[in-house]
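Visitor:
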Amino acid sequence: MPDAAVGAIAFVTLLTIMVGARGIRVARTPDDFMVAARQVPPALNAAAISGEYLSAASFLGIAGLVVVQGLGALWYSVGYTAGYLVLLLLVAAPLRRFGAYTIPDFAVGRLGSRGLRQTATALVLVIGWFYLLPQMKGAGITLQWVLGTPYWVGAATLGVVVSCNIAMGGMKGVTFVQCFQYWLKLCAIGIPALVLLIAAGHHSSPNLTPDRAAVFTRATVVTMTQATSFTLPHAAATTVTGLLDQRTYRDQGVRLCACRHVAGAGTRIGFAAGAPVPVSLAMEPSSGDSWDSPFLTSATSGAHPLAATYGVIIATFFGAIGLPHILVRFYTNPDGEAARRTTLIVVLLLSSFYLFPTVLAVLARTQAPQLYLSSDSDSIVLALPTVLLGGLPGELLAALVAAGAFAAFLSTSSGLLVSVAGALSHDLLKRGVTTFRWCAITAGAIATIAALLIDRFSLALLVGWAFAIAASSFCPLMVLGIWWRRLTRIGAMAGIVIGGGSCLAAIVSTMLGVSASGWGAVLTSQPASWTVPLAFGVMIVVSLLTQRTVPANVGQVMLRMHLPEALSRQAYRAAGQAPGAAGRSRGQR
Amino acid sequence: MTAPDLGDPAPGAGDPGAGDPAPGRQRVVWRPDQVLVQHDIPGLSDLRDDTTAGRLLLKSFVRAQLGLSLMCLTFALTVTASFPVIAAMVPSVSRITVGGVPLTLIVLGFAFYPVFLAVGWFYNRHARQLEVRFTSLVDPASRRPDA
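For the protein sequence lines, the chains are A and B, in the order given.
The opening residue of the first sequence carries number 25 in the working numbering; numbering runs sequentially from there.
The opening residue of the second sequence carries number 141 in the working numbering; numbering runs sequentially from there.
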């Protein structure tokens with residue numbers, strides 16, 4: 025079975041390297057490396073942005089989470105799309121007109137402060153690494169599922185491929201790679217979703233109203249990949265081979281009571297059609313009657329699902345603005361108008377993509393409920409095709425899904441690594457292509473090592489955390505910096521440090537398991553609902569208190585961000601400057 | 141259409157104001173890429189030099205743009221973020237099914253995306269219109285060629 029999938033993954037990886045290598049000949053100056061020399065038309069650019077944005081969480085994480093926790097997890101896909109709408113409304117055009125390369129560049133160009141540059145750069149590294157971890161984890165579990173290799177092999181493979189590719193080609197190559205990978209990802213999730221939907225329609229009319237406990241629609245053998253404890257909603261007759269409740273069976277009929285059971289690794293339990301689907305205790309799935317609730321239901325948010333839901337909504341809606349690898353893409357638009365058009369196309373491309381994880385999740389839930397018992401939620405999408413379709417068609421679809429998933433890890437981690445390495449070389453060390461290359465390799469290595477420590481968190485949760493940090497630090501900086509004259513560097517610094525710092529502290533305390541229940545758990549596991557208002561509030565109040573430090577050139581900067589191109593071209597040409605000088609100035613350094 | 145300075149002997153042709161022959165008279169040299177520079181745009185120099193009038197002009201424009209953005213944002217946020225509150229206050233909402241499909245699945249899985257697209261399309265249209273209006277306010281002559 026794995027042959028097709030291995031071939032598909034190898035094909036995607038080689039293609040990425042080859043398209044990237046084509047960039048070596050094209051990319052010569054640091055400008056080429058950083059933002060593809062600003063000559064990318066909107067449709068191509070929009071596909072590249074979407075290709076970069078759709079990460080492991082979108083491809084594997086959301087569908088898995090929906091299967092396990094319920095429809096409320098769809099808030100992640102709604103939020104990831106809405107993030108681009110908010111970006112379009114608040115920052116797209118002015119940011120492009122401002123013409124800085126990175127968020128630290130923006131902070132310094134707008135507010136003029138060295139300390140702010142270092143703080144912003146440090147935060148780019150935090151968000152970038154936080155976002156790289158789930159990509160590495162995704163690669164780890166994908167290769168684990170396809171080849172049976174240990175988790176670290178996949179993570180390390182991705183790290184090496186991406187670091188070398190970035191170090192060789194820079195972003196010129198990556199723009200084409202990203203564009204190609206959006207369409208690959210759309211096919212890799214769309215085709216399996218449609219084929220499986222048609223196939224499922226032949227079998228039975230799917231029960232889409234699982235407000236009762238899930239049942240097997242046909243006789244199913246569940247194989248435990250690891251030791252698992254589970255419960256049954258009601259008693260059922262089964263056939264068991266292997267270790268169950270400390271007894272070893274060999275293909276014997278066992279009547280399981282509606283209570284807690286422990287199965288050993290490799291145990292096979294056969295259920296008849298109509299038997300209840302076991303509920304895994306480790307996976308914290310929703311109870312049968314809350315699967316269609318519109319709230320995020322997980323163990324950490326159990327007591328306050330509404331608060332957790334709003335935490336995710338705020339983090340994802342406002343987080344996209346502050347993602348370092350996304351902003352850099354906006355400078356590849358020729359002007360502000362094109363930036364707006366690009367962003368709207370991105371919303372369209374993302375909306376089309378996110379229809380399919382939903383379809384896959386509903387199919388998995390109704391047709392193959394055994395999946396969430398025997399495997400990690402993040403590998404459900406990978407396993408679904410072979411479970412629903414036997415034989416060669418299933419294998420081919422599974423290969424397609426695995427290739428698409430790998431494309432997702434490759435593209436997102438490439439974009440992230442460009443901005444992390446860019447921040448390291450451009451803002452902290454000395455600039456230049458050689459430094460950039462070494463920074464890419466170092467940053468990739470650090471992320472790979474860190475990824476080995478976080479494999480117990482779900483992909484969607486990890487990515488959601490990167491969004492939460494971005495939303496409570498860079499988002500207020502960008503929004504207030506663009507629309508509010510009276511922002512000061514002290515106010516910006518205070519907002520970033522307090523907002524981003526408290527968000528990071530809350531997340532780290534969740535990772536370490538400090539507060540496990542009640543309000544504390546909700547407010548630390550989904551901190552955006554309080555850290556985003558906090559960051560905005562601190563930034564505004566401190567700025568109002570330090571009005572004497574408003575930069576002297578704020579008028580010029582506001583003009584540069586908001587003046588339509590039709591006027592700014594004339595304004596600066598008439599003033600005797602070279603055309604385009606406004607868009608190319610790099611802030612004061 | 142570009143036939144730049146074919147045998148153009150005029151000194152300072154690319155630099156209006158620098159080689160003026162006499163005060164009160166301006167030498168006009170036609171060149172296709174210079175046609176926009178030659179006419180005088182008081183609003184633009186006000187903006188560029190950050191005078192009180194220019195600052196006021198820019199401020200009103202930025203405020204109009206921000207108003208449009210916030211209006212669209214409020215609409216999108218109200219449509220999406222009100223759903224959990226409604227579902228929490230009226231629990232029966234999440235039990236509704238349409239043709240066997242749960243309402244939650246329809247709303248979260250499909251219904252929000254067209255709303256986002258419509259809001260984005262509306263915003264782009266109106267932001268562009270605001271810019272065109274501002275451009276022609278500052279520089280009435282810009283209405284001519286491609287604006």
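The beta-carbon is built from N, C-alpha and C at its ideal position, and this holds for glycine as well.
1. Using CA atoms only, rank isn't needed, just tell me which of A:ILE33, A:PRO65, A:PHE83, A:ALA67 is closest to A:ALA377.
2. Please work out which residues of its chain come closer than 6 Å, Cβ to Cβ, to A:LEU511, disregarding the five sequence neighbours upstream and downstream, and give them in chain order.
3. Once you ignore the five residues that flank B:LEU270 on each side, which residues in its own chain have a CB closer than 7 Å to its CB?
4. How long is the line joining the alpha carbons of B:ALA216 and B:VAL259, rounded to whole angstroms?
5. Closer than 8 Å by beta-carbon distance: list the chain B residues that pair up with A:THR333, in chain order.
6. Rounded to whole angstroms, what's the CA-CA distance from A:LEU95 to A:ALA492? Just pull it up for me.
7. With a cut-off of 9 Å, does the C-beta of A:ILE337 fall near any C-beta of chain E?
8. So with Cβ pairs under 9 Å, would you call A:ALA81 a contact of chain B?
9. Taking Cβ-Cβ distances below 7 Å as the criterion, which residues of the stretch 501 to 522 of chain A are in contact with chain B?
10. Classify B:PRO280 as buried or exposed, calling it buried when 16 or more other Cβ atoms lie within 10 Å of its own Cβ.
11. So is A:THR166 buried or exposed if we call it buried at 16+ other beta carbons inside 10 Å?
12. Please state the DSSP three-state secondary structure of A:ILE465.
13. Enumerate in chain order the residues of its own chain whose CB-to-CB distance from A:ALA224 is below 7 Å, with the five nearest sequence positions on each side excluded.
14. What residue range is occupied by the uninterrupted beta strand (DSSP E) comprising A:ALA287?
15. Output the distance between the C-alpha atoms of A:ALA590 and B:PHE274, rounded to the nearest integer angstrom.
16. Alpha carbon to alpha carbon, how far is A:LEU441 from A:ILE470?
17. What runs of the alpha helix (DSSP H), each 4 residues or longer, lie entirely inside the stretch 506 to 581 of chain A?
18. Which residues in the same chain have their Cβ closer than 7 Å to the Cβ of A:TRP99, if we skip the five residues on either side of it in sequence?
19. If distances are taken between C-alpha atoms only, which option among A:THR40, A:TYR155, A:GLY136, A:THR145 comes closest to A:ASN189?
20. Rounded to whole angstroms, what is the Cα-Cα separation between A:ALA339 and A:PRO557?
21. For A:ALA474, which option in A:GLN159, A:GLN580, A:GLU361 has the closest C-alpha, if you only look at C-alpha atoms?
22. What are the boundary residues of the beta strand (DSSP E) that A:ARG279 is part of?
23. Following the continuous alpha helix (DSSP H) through B:VAL225, name the residue where it begins and the one where it ends.
24. Using the Cα positions of A:ILE163 and A:LEU149, report the straight-line distance between them to the nearest angstrom.
25. For A:LEU477, does the count of other Cβ atoms within 10 angstroms reach 16, so buried, or fall short, so exposed?
26. What residues from chain B crowd round A:GLN580, counting only those whose CB sits closer than 9 Å?
27. If you drop the 5 nearest sequence neighbours on each side, which residues of the same chain put their C-beta closer than 6 Å to that of B:VAL175?
28. Let me see if you follow: with CB-CB separation under 9 Å, is A:TYR77 close to chain B or not?
29. Are the beta-carbon atoms belonging to B:TYR253 and A:SER375 less than 9 Å from one another?
30. Pick helix, strand or coil for A:PHE295, following the three-state DSSP scheme.
31. Please classify A:LEU453: does DSSP put it in a helix, a strand, or coil?
32. Below 6 Å CB to CB, which residues in the same chain sit around A:ALA116 once its five sequence neighbours on both sides are set aside?
33. Report yes or no: is there a C-beta of chain A within less than 9 Å of the C-beta of B:ARG268?
34. Skipping 5 residues on each side, what residues in its chain have a beta carbon closer than 8 Å to that of B:LEU127?
35. Between A:THR263 and A:ALA296, what straight-line distance do the alpha-carbon atoms span, to the nearest angstrom?
36. Find the residues of chain B that neighbour A:ASP316, judging by a C-beta separation of less than 9 Å, and give them in chain order.
Guide: For this structure:
1. For the purposes of this step, residue 377 of chain A is taken as the residue at position 353 of the first sequence. Position check: residue 377 of chain A holds Phe in this sequence, whereas Ala was assumed. Of the listed residues, the one whose Cα sits closest to A:PHE377 is A:PHE83.
2. Counting from 1 along the first sequence, the entry for residue 511 of chain A is found at position 487. Within the same chain, A:LEU511 has close Cβ partners LEU504, GLY505, SER567.
3. On the second sequence, residue 270 of chain B is found 130 positions in, with the first residue counted as 1. Excluding sequence neighbours, B:LEU270 sits near ALA204, GLN205, LEU208.
4. In the second sequence, the residue the question calls residue 216 of chain B occupies position 76. In the second sequence, the residue the question calls residue 259 of chain B occupies position 119. Straight-line Cα distance between these residues: approximately 7 Å.
5. Looking up residue 333 of chain A in the first sequence gives position 309. Within chain B, the residues near A:THR333 are PRO224.
6. If you number the first sequence from 1, residue 95 of chain A lands on position 71. If you number the first sequence from 1, residue 492 of chain A lands on position 468. Roughly 21 Å separates the two Cα atoms.
7. Reference to chain E is not applicable here, since the protein chains of this structure are A and B.
8. Here residue 81 of chain A is taken as the residue at index 57 of the first sequence, counted from 1. Chain B contact via Cβ: absent.
9. TRP507
10. In the second sequence, counting from the first residue as 1, residue 280 of chain B sits at position 140. Exposed, because fewer than 16 other Cβ atoms sit within 10 Å of the Cβ of B:PRO280.
11. Residue numbering aside, residue 166 of chain A sits at position 142 when the first sequence is read from its first letter. Answer is buried; the Cβ neighbour count reaches 16.
12. As a first step, residue 465 of chain A is located in the first sequence; it is residue number 441 there, counting from the start. Three-state DSSP puts A:ILE465 in a helix.
13. Your numbering for residue 224 of chain A matches position 200 in the first sequence. Contacts found: PRO230, LEU387, GLN391, LEU412.
14. On the first sequence, residue 287 of chain A is found 263 positions in, with the first residue counted as 1. First-last of the beta strand (DSSP E) with A:ALA287: 284 to 287.
15. As a working mapping, residue 590 of chain A is identified with position 566 in the first sequence. As a working mapping, residue 274 of chain B is identified with position 134 in the second sequence. Computed Cα separation, rounded: 10 Å.
16. Within the first sequence, residue 441 of chain A is the residue found at index 417, counting from 1. Within the first sequence, residue 470 of chain A is the residue found at index 446, counting from 1. Approximately 11 Å between the Cα atoms of the pair.
17. 513 to 519, 525 to 535, 542 to 549, 552 to 569
18. Walking along the first sequence from the start, residue 99 of chain A turns up at place 75. These residues qualify, in order along the chain: LEU320, THR333, VAL336, ILE337.
19. Stepping through the first sequence from its first residue, residue 189 of chain A is reached at position 165. Per the Cα distances, A:THR40.
20. Translated into positions along the first sequence, residue 339 of chain A becomes position 315. Translated into positions along the first sequence, residue 557 of chain A becomes position 533. Roughly 11 Å separates the two Cα atoms.
21. Start at 1 with the first residue of the first sequence, and residue 474 of chain A comes out as number 450. Cα-wise, what sits closest to A:ALA474 is A:GLN159.
22. Position 255 of the first sequence, counted from the first residue, corresponds to residue 279 of chain A. Looking at the DSSP string, the run of the beta strand (DSSP E) that includes A:ARG279 is 271 to 280.
23. Along the second sequence, read from residue 1 onward, the residue named residue 225 of chain B stands at position 85. Residues 192 to 229.
24. As a working mapping, residue 163 of chain A is identified with position 139 in the first sequence. As a working mapping, residue 149 of chain A is identified with position 125 in the first sequence. Note that residue 163 of chain A is Ala in the sequence shown here, rather than Ile. A:ALA163 and A:LEU149 have their C-alpha atoms roughly 21 Å apart.
25. In the first sequence, the residue the question calls residue 477 of chain A occupies position 453. Looking at its Cβ environment, which holds fewer than 16 other Cβ atoms inside 10 Å, A:LEU477 is exposed.
26. Numbered from its first residue, the first sequence carries residue 580 of chain A at position 556. Simply ARG188, ASP190.
27. Your numbering for residue 175 of chain B matches position 35 in the second sequence. Its pLDDT being 42, under 50, B:VAL175 is placed unreliably by the model, and the measurement read from it follows with that caveat. Closer than 6 Å at the Cβ level, and outside the excluded window around B:VAL175, lies no residue.
28. Translated into the one-based positions of the first sequence, residue 77 of chain A becomes position 53. Taking Cβ atoms only, chain B never reaches closer than 9 Å to A:TYR77, which makes this a no.
29. Taking the second sequence and counting its residues from 1, the one referred to as residue 253 of chain B is at position 113. Taking the first sequence and counting its residues from 1, the one referred to as residue 375 of chain A is at position 351. Their beta carbons are under 9 Å apart, which means B:TYR253 touches A:SER375 by this criterion.
30. Residue 295 of chain A sits at position 271 when you count from the first residue of the first sequence. Note: A:PHE295 maps to strand in three-state DSSP.
31. Within the first sequence, numbered from 1, the residue matching residue 453 of chain A stands at position 429. DSSP places A:LEU453 in coil when its eight states are reduced to three.
32. Here residue 116 of chain A refers to the residue found at position 92 of the first sequence. Cβ contact annotation for A:ALA116 (same chain, cutoff 6 Å, sequence separation greater than five): ALA363, ARG364, THR367, in chain order.
33. Residue 268 of chain B sits at position 128 when you count from the first residue of the second sequence. Closer than 9 Å: yes.
34. Because chain B here runs from 141 to 287, residue 127 of chain B falls outside it and cannot be looked at.
35. Translated into the one-based positions of the first sequence, residue 263 of chain A becomes position 239. Translated into the one-based positions of the first sequence, residue 296 of chain A becomes position 272. When rounded, the distance between both Cα atoms is 9 Å.
36. Here residue 316 of chain A refers to the residue found at position 292 when the first sequence is read from its first residue. In chain order: SER234, ARG235, THR237, PRO242, LEU243, THR244, LEU245.
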